[in-house]
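So the sequence lines, in the order shown, correspond to chains A and B.
Those letters in the first sequence? Residues 0 to 600, per numbering that gives the first Met the number 0, in order.
Those letters in the second sequence? Residues 0 to 302, per numbering that gives the first Met the number 0, in order.
Read through the structure below, which is laid out as structure tokens, and then see the notes.
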Amino acid sequence: MATVDFAIGIGGEAGQGIATPGDILARIFARRGLNLNAYNAYQSLIRGGHTFLTIRASDGPVRNMGDKIAVLIPLNQDTMDRHLRLLTKGACVLFESEKIKPGAAAAGVQICPLPMKQLTAGNKLGGNTVAIAATLQMLGVEFKAMEDSLARIFRRKGDAVIAENVGIAKAGYDYAAANFKPFPFKAPNLGKGNAVLTGNMAIAMGGIAAGVKFYAAYPMSPSTGVLMYMASHARQLGIMVRQVEDEIGVMNMVIGAAHTGCRAMCATSGGGFALMTEAVGMAGMLETPVVCVDVQRAGPATGVPTKTEQGDLWQALGAGQGDYPRIIVAPTDQLDAFKTIPELFNLCDRYQCPGLVLSDLLISEGTASVDPKELNFKPKIDRGEIIFPNGNGDSTNPYGGANDNAYLRYKLTESGISPRAVPGTPGHIHVAASDEHDEDGTLISDEFTNPTKRREMVDKRARKMETVLSHIAPPKLVGPENAAVTLVGWGSTEGVIREAVEKLAAEEGIVANQLAVKWIVPFHADEIMRILSRSKKVIIVENNYSGQFARYLRSETGIAAQGHIRKYDGEPFMPHHIVNAVKEQLAGKSKLSVPHHEIHV
Amino acid sequence: MSIATEIAPAPAPAVLDKDTYKGKIHPDWCPGCGDFSVLSALQAALFELGLKPHQVVVISGIGCSSNLPGFINTYGMHTLHGRALAVGNGVKLANHALKVICTGGDGDGFGIGGNHFTHSMRRNVDLTYIVMDNQIYGLTTGQTSPTSRKGMKTKSTPEGNLENPINPIPQAIVGGASYVARGFSGKQKHLVELLKGAIMHKGFSFVDVFSPCVTYNKDNTYQFFNPRVKILEEQGHDTSDFAKAMEKGYQWGEEIPIGLFWKRTDLPTLEELDPVLAEGGPLAFRELGVSDAQSKALIAELL
């Protein structure tokens, strides 16, 4: 059980330096062994506007940004005006008293003005340091943690800079001790360190663990973090990283590298993925294993580049014309994303097909703490039936393969899987063709067009999918079997739904359970039908307008959910959104709830 | 390789002759199509260079000429319309020991694939791009192409093409290709030499080949080109002279130059520039995963 659970909100204009204090706080909490989740609500601009970072920490599990802010640090008047009204009893607001005026606050909100000019001794960059130090004091964190953090951040700038900043921090820390009421709890030190990472870093690290040797991308929010992580580690890890002219080029280049034998990967967002889809189909046709991550953002078209959505489900399901095997997975959080990528690569290699990952801004740009022991960089590697050049053997004709029919790249097999030789392998010459082809790669789209063979090849590829399901975990019902309502979600909503279920039980006396779906294709339809057929009421929670998952569930199982909770304003669900909607629906007031996002960011 | 699940047989001593490069499928091009000559020239060039078929990958897009990989005995990929170069870049970077040759038509390369053409040139990956340029869309039965001359009547421009054509030679010179040549199907021996030079050139080499479409293009025929083409190699052209190369590239009319316009050897290839390829052999054959020390370092960054 959690003994402490608090969130700090820092807001200001883009360019005011919110990321650094956020990073300092996150690392200090993680180093104490606290769990954390951070979500940055931002806008598509580099300077100005409004940015609001929420960092939530607890000694219990933290699965989302939570419902309320304990400490508000507004760096400008706009942030004060937007967020002060949302603070509740017990919270506090720390601000530069010479610059920002508090408005009306709820009873019991502690107003903590900081005389910045005096505390920073005129250092204009010192304001954030003062506010963080004061916050830490009120949370019962010893000053040493702040000091260590500053020493790390400014280590390249020399001792004088470190000393100056430590002095400023100390002034803020002491001022808070003398003037403000501390929180009734102390942020504990659990004596073990947690790692801190974003979802995009987790995705990149998952690729690295899987053995990716070729990564290509075109920058696109909110997926660019994967490219940046890959690029900054490429040389030390021996990974070829290329920024390509467009997403069409990205996917085709990745296919070229994968066909040649590399584990190859790319990430993009919905618009870029739209450009890639013809080639995704080609990977299906050539039977080339590639992994592509779609970090969803609010669409359609350019949409809202810095806001989250689960709006690309049907795009992924419909990517590429025609029928072809592919695997689609929606990881549930940052750590899950890390673990899913190697698992997906193994499946793609084994089944020689493309694998699509549906992440979203919430996971990819969200920050989480993980136990470093969970970051296994040596996962099981299964490359499937692949043939590399080798110095041993007794081929009669190294230049054969196609001409002497010694090798059939697309051999009709019972499993549908045909051993895959990479270019450069003696005796296995063949053509891999985007046009329909025969077992040996000969096109059957022109003079050799043959309905029987066409059908055989479609069947062969389709056959591969028959056994994939047995390699992926079925979704599990979490919570009591005999619940009043089952909340179904997919991908990134797992954490917030879990918390809503807990809150429903603890605060509302409503017994709910949860079914979180991660693997989209293939789909554990039978198991899901078995679980949901026992549910008293099924409500689907998803971050889109039309209920994309609800429609998919219906198409695959025939199950039509009784209720829907949807959000498509660009912001993620907060637990109370789901709690209130469930109450409303159980009371029979609505079958479709669209929670209002109270925070204007 | 330790990660291989099946061990491929090694090459037994085998004889390379001209027929080694023949594919098992006879081309289905129209009789008289210029592409036959390009195919033969490519096969001859590979033979004369002694390149082993399993160490060559021929990658095409879509169109009549893009069926070529099926007709030649090397590794082949028949990819999407316009994407041969993008795929080819990936293949070469994944295994830089392979010889990579991309082929296609003018619509494939300069129309739908124009962006990859532009960026492959500046990227300077060591591969060869052969465009069978017939100034028409043949496989879709005769529509205008990016190289169709202004005024040309096609099925999609029945009153005459209103748009200006691309001139791929100056475009390639300016775009950063380090070997820029033009051949003609009617001059096969000359074409063989151009292709040999292109294949052995280190860096992005481009050979635009006039390859007449005898079915749908009544303007740019053998009869049109034969009297006009003038071989640069017979005219003492200096392939290191940028201004001259551009001037020759723009020449059109009664005399149309063919041959090597522009060549530079001072540009390192992308493979040479990227330290990731400096040692360890082709990426495709390297051990997967990271060392314990590397994984420790990656985790340490997060603490």
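Note that CB positions come from ideal geometry on N, CA and C, so glycine has one too.
Computed from a predicted model, the values in this text were never measured in an experiment.
When rounded, the separation of the alpha-carbon atoms in Asn188/A and Gly32/A is 6 Å.
For the 8 Å CB-CB criterion, His523/A and Pro474/A form a contact. Going by DSSP, Phe387/A is part of the beta strand (DSSP E) stretching over 385-387. Under DSSP, the beta-bridge partners assigned to Leu591/A are His563/A. For a cut-off of 8 Å, the C-beta gap from His563/A to Ile539/A is around 5 Å, short enough to register as a contact. Beta bridge pairing from DSSP links Ile129/B with Thr102/B, Val206/B.
Residue nearest to Gly141/B within the set Gly75/B, Leu269/B, Pro157/B is Pro157/B (criterion: CA-CA distance). By the beta-carbon neighbour count (other beta carbons within 10 angstroms, threshold 16), Pro571/A is buried. Under the Cβ criterion of 8 Å, Arg285/B is counted among the residues facing chain A. For Cys347/A, the enclosing alpha helix (DSSP H) has its first and last residue at 333-350.
Residue burial is scored here from C-beta neighbours: Lys566/A has at least 16 other C-beta atoms within 10 angstroms and is therefore classed as buried. According to the DSSP assignment, Ala203/A belongs to no beta strand (DSSP E) but to the alpha helix (DSSP H) extending over 198-209. Secondary structure remark: continuous beta strand (DSSP E) runs of at least 3 residues inside the segment 461-531 of chain A, in chain order: 484-489, 511-516, 518-520.
The three-state reading of DSSP puts Val90/B in helix, counting H, G and I together.
Under the three-state reduction of DSSP output, Arg121/B falls in the helix class. If one requires a minimum length of 4 residues, the alpha helix (DSSP H) runs lying completely within the segment 181-226 of chain B are 187-199, 221-224, in chain order. A distance below 8 Å separates the beta carbons of Gly423/A and Leu97/B.
Look at Cys91/A: its C-beta is not under 8 Å from any C-beta on chain B. No Cβ of chain B is located within less than 8 Å of the beta carbon of Pro479/A.
The segment 322-340 of chain A makes no contact with the segment 580-594 of chain A; the number of CB pairs closer than 8 Å stays below 3.
Taking a Cβ-Cβ cut-off of 7 Å, the neighbours of Pro52/B in chain A comprise Tyr398, Ile428, given in sequence order. Asn75/A: not part of any alpha helix (DSSP H); DSSP gives it neither H nor E. In the three-state DSSP reduction, Glu270/B falls in the helix class (H, G or I). Contacts with chain A at 8 Å (Cβ-Cβ) do not include Leu45/B. Per DSSP, Glu555/A is not a residue of any beta strand (DSSP E); the alpha helix (DSSP H) it occupies stretches across 547-556. Residues Asn199, Ala216 of the same chain have their beta carbon placed closer than 8 Å to that of Thr223/A, with the five preceding and five following residues left out of the count. The beta-carbon of Pro594/A is placed no less than 8 Å from the nearest beta-carbon of chain B. Non-local C-beta neighbours of Thr73/B in its own chain, meaning closer than 6 Å and more than five positions away in sequence, comprise Pro52, Val55, Val57, ordered along the chain. At least one C-beta of chain A is nearer than 8 Å to the C-beta of Lys23/B. With a contact defined as Cβ atoms closer than 8 Å, Ser220/A and Ser268/A qualify at about 7 Å. If you check the CB distance, Leu71/A and Leu83/A come in under 8 Å.
Between the segment 341-351 of chain A and the segment 306-323 of chain A there are fewer than three C-beta pairs closer than 8 Å, too few to call the two in contact.
Listed in chain order, the positions of the segment 201-233 of chain A with a beta carbon within less than 8 Å of a beta carbon of chain B are Met204, Ile207, Ala208, Ala209, Gly210, Lys212, Phe213, Ala215, His232, Ala233. Here the segment 241-259 of chain A lies against the segment 278-290 of chain A, with 3 or more beta-carbon pairs under 8 Å apart. Per DSSP, Met227/A lies in no beta strand (DSSP E) segment; the continuous alpha helix (DSSP H) that holds it begins and ends at 223-236. By DSSP's assignment, Ser358/A forms a beta bridge with Val294/A.
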